[in-house]
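2 protein chains.
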Amino acid sequence: MAVYTEVSDEALTAFLSAYEIGTLLSYKGIAEGVENTNFFLHTTAGSYILTLYEKRVRVGDLPFFLNLMEHLAARGLACPQPIRNRAGVSLSELCGRPAVIVSFLEGVSVKRPGIDHCWALGGALAGLHAAGADFGMRRDNNLSVESWGPLFAGAEAQADTVSPGLADRVRGDLAVLQAGWPAGLPTGVIHADLFTDNVFFIGDALSGLIDFYFACTDAFAYDLAICLNAWCFEADGTFDRDKGAALIAGYEAVRRLTAAEVEALPILCRGAALRFLLTRLVDWLDVPPGALVQPKDPLEYDRRLTFHRTAMQAVDYGWGV
Amino acid sequence: MAVYTEVSDEALTAFLSAYEIGTLLSYKGIAEGVENTNFFLHTTAGSYILTLYEKRVRVGDLPFFLNLMEHLAARGLACPQPIRNRAGVSLSELCGRPAVIVSFLEGVSVKRPGIDHCWALGGALAGLHAAGADFGMRRDNNLSVESWGPLFAGAEAQADTVSPGLADRVRGDLAVLQAGWPAGLPTGVIHADLFTDNVFFIGDALSGLIDFYFACTDAFAYDLAICLNAWCFEADGTFDRDKGAALIAGYEAVRRLTAAEVEALPILCRGAALRFLLTRLVDWLDVPPGALVQPKDPLEYDRRLTFHRTAMQAVDYGWGV
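Each protein sequence line maps, in turn, to chains A and B.
All the letters of the first sequence, read from the start, carry residue numbers 1 to 321 under UniProt numbering.
All the letters of the second sequence, read from the start, carry residue numbers 1 to 321 under UniProt numbering.
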């Protein structure tokens, strides 16, 4: 939540002269984006977000993300649209950082989603999967099951300092997931990070999806599993099956799950929870002193795994209820 | 530069229901404002800034600031205008903090002002002094000459750890300023903090003034002295007399300085520099570990004082050249 790179009026004006988006009226650094610097821009042509990529996002992956957003926007999905400059490219450079301007999307993130929000999210997620069907690029999911062992190896020795017994619990999850991770499910472009911050509503209507910087090629149902984790647990760690049912039904109103996907849903949900537990755990153990960013609590996902370890069937997540 | 208070969509929507500014479309925390939390709001009625007052700003002073902005805006000055809610009040409460919505002002702060910017600033400053002439409230300047001794007393023992000899230099300045500080100059509402961040331009045209949270009742020429300090020194610490001349001439094109003001200009400039040196010094020595805000360098004003200690006449600042 910070502006890592200051951009002067002179640098920005020079940068914008390569674009056809009118005259700069104002820009403000946004206290959002854990990993990048974002500015809100007003020009005589409208509202935009300017992103400077700071780290983690590998520059080689940016064309995948930007082309994907352009592809999805062209198919009518409400998502930020990269703006091409006069040279016809959207990926440029500002203050020594890779930089991109995207269209601004109106909408508000919902902190405590209700059943209607979950239903709307399901439909939007299926719409995203459909809109990405003919996207020509591929990016492997580098945070899927193969990565979890190595991720955990770097945190294993310290895991019990975060919560007693955590290392044992993760070892157990890992063994189950590595042995049983499903193959051959319907695959395509997934968002892979569709938390509530990345979904906008205006009033009760879903107005768009943002932040495609974890998007990759993986099983559609795994994306649904990520959303079930991110949207359908209560603050006390219990799973709200009504919200799960709404999310799945909203999804299936646009794209029906196959029998294999339905069967795989519990293990996919457990895997998604472990993925976020592990990356949060690594970040938690790696906070530099004086950090601007407060890391997210890994134990939130440890509590969710308590549910996943006992949930055996898709019906436990609200499918078909 | 941070969002100190998180505001949920639910809290904000409830808050906005007391206002007649349409439906919420989006809001973003702004990485601006050292002391308050600011959100940029889009509603169906337009763009606004929502400010939550965190500290330093004394709640008892807020009516002065808000009434002043309303007064100035009503007289045509381009500044944020507090929005009254249905109950007719602009000062409300959100998330346990005093909170205000003001109109959004387009414009960009100029990091390195040129001569034309200084001229425009001078005119706007005189316009502000004129627009405030019939403002009915009064607020003493609690950061004027009487405060500098006590401020310094709290930092004196550690001053030389910041720069060798600093304590002696400040003692010398204090003695001169306390003995010779002018009285009886034309007085009224001054901005008292018109740094480049608080002045907006669109292209080369000045589009507005913001941040009235140091505004008070004091000598007009002291406000000019603050601007000469903030706008007319180069990065290497030298004073640019051409910029000073433009700033003063721009001011006098709207309001002529009296002979007493012209005579007092050097000591007012020296005092203004000491005021910012002292508050920055106190902040510098008081940074908590892990602070989100990097304090401003007090020695910038120590270098400026090197010039002020030798400048004896208004002509040294560009008056009448």
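Glycine residues also receive a C-beta, built at the ideal position from the N, C-alpha and C atoms.
The Cβ-Cβ distance between Ser-47 of chain B and Phe-135 of chain B does not fall below 8 angstroms. Identification of chain B residues near Lys-55 of chain A by a Cβ-Cβ cut-off of 8 angstroms yields none; the smallest Cβ-Cβ distance measures about 17 angstroms. Within its own chain, the residues whose Cβ lies closer than 6 angstroms to the Cβ of Ala-131 of chain A, once the five positions on either side in sequence are excluded, are Leu-72, Arg-75 and Leu-77, listed in chain order. Residue burial annotation: Met-312 of chain B is exposed, with fewer than 16 other C-beta atoms found within 10 angstroms of its C-beta. Residue-level contact by beta carbon fails for Asp-116 of chain A and chain B, as no gap is shorter than 8 angstroms. By the neighbour-count criterion, in which a residue is buried when 16 or more other Cβ atoms sit within 10 angstroms of its Cβ, Asp-211 of chain B is buried. With its beta carbon less than 8 angstroms from one in chain A, Ile-30 of chain B belongs to the interface. Annotation for Ala-167 of chain B: Glu-156, Ala-159 and Asp-160 place their beta carbon closer than 7 angstroms to its own, counting only its chain and skipping 5 residues before and after. The contact set of Phe-40 of chain B on chain A, defined by CB atoms closer than 9 angstroms, consists of Lys-28, Ile-30 and Phe-40 in chain order.
With distances taken between CA atoms, Thr-306 of chain B lies nearest to B:Asp-236 out of B:Asp-236, B:Ile-190, B:Arg-256 and B:Arg-255. In the three-state DSSP reduction, Val-7 of chain B falls in the coil class, being neither helix nor strand.
Contact between Trp-181 of chain B and Arg-275 of chain B does not hold, since the beta-carbon distance rounds to 12 angstroms and is not under 8 angstroms.
Beta-bridge analysis with DSSP links Asp-218 of chain B to B:Gly-188. The distance from the Cβ of Ala-253 of chain A to that of Gly-123 of chain A is about 6 angstroms, consistent with a contact at the 8 angstroms cut-off. The count of Cβ pairs closer than 8 angstroms, one atom from the segment 201 to 217 of chain A and one from the segment 232 to 247 of chain A, stays below three, leaving the stretches out of contact. Residues of the segment 139 to 152 of chain B whose Cβ lies closer than 9 angstroms to any Cβ of chain A: none. Ranked by Cα distance from Gly-318 of chain B, the first of B:Leu-41, B:Glu-300, B:Pro-266 and B:Gln-294 is B:Pro-266. Excluding its 5 nearest sequence neighbours in each direction, Gly-22 of chain B has C-beta neighbours in its own chain below 6 angstroms: Thr-43, Thr-44 and Ala-45, listed in chain order.
The DSSP assignment places complete beta strand (DSSP E) segments of no fewer than 3 residues inside the segment 73 to 102 of chain A at 92 to 94, in order along the chain.
Exposed is the label assigned to Met-137 of chain A, since fewer than 16 other Cβ atoms lie within 10 Å of its Cβ.
Judged by DSSP secondary structure, Lys-243 of chain A falls outside any beta strand (DSSP E) and instead within the alpha helix (DSSP H) spanning 241 to 252. Between the segment 98 to 112 of chain A and the segment 184 to 204 of chain A, the count of C-beta pairs closer than 8 angstroms reaches three or more; the two stretches touch. Between the alpha carbons of Leu-41 of chain B and Ala-272 of chain A lies a gap of roughly 34 angstroms. For Gly-208 of chain B, the beta-bridge partners assigned by DSSP are B:Phe-200. Between Leu-257 of chain A and Cys-227 of chain A, the CB-CB gap reaches or exceeds 8 angstroms. Looking at the DSSP output, Val-108 of chain A sits in a beta bridge with A:Phe-201.
Secondary-structure assignment with DSSP links Tyr-48 of chain A through a beta bridge to A:Leu-41 and A:Ser-103. From the beta-carbon of Val-110 of chain A, the residues of chain B found nearer than 7 angstroms are Asp-9. Listed in chain order, the non-local C-beta contacts of Val-3 of chain B below 6 angstroms within the same chain comprise Gly-29 and Thr-37, local neighbours out to five positions each way being set aside. At the C-beta level, Ile-101 of chain A and Leu-50 of chain A come within 8 angstroms of one another. Per DSSP, reduced to three states, the secondary structure at Asn-142 of chain A is coil, with no helix or strand assignment.
Residue state for Ile-226 of chain B is assigned as helix, using DSSP reduced to three classes.
Close partners of Gly-203 of chain A in chain B (Cβ separation under 8 angstroms): Thr-23. Among the residues of the segment 87 to 106 of chain B, those with a Cβ less than 9 angstroms away from any Cβ of chain A are Phe-104, Leu-105 and Glu-106, in the order of the chain.
Pairing Ser-90 of chain B with Leu-66 of chain B gives a Cβ-Cβ distance under 8 angstroms.
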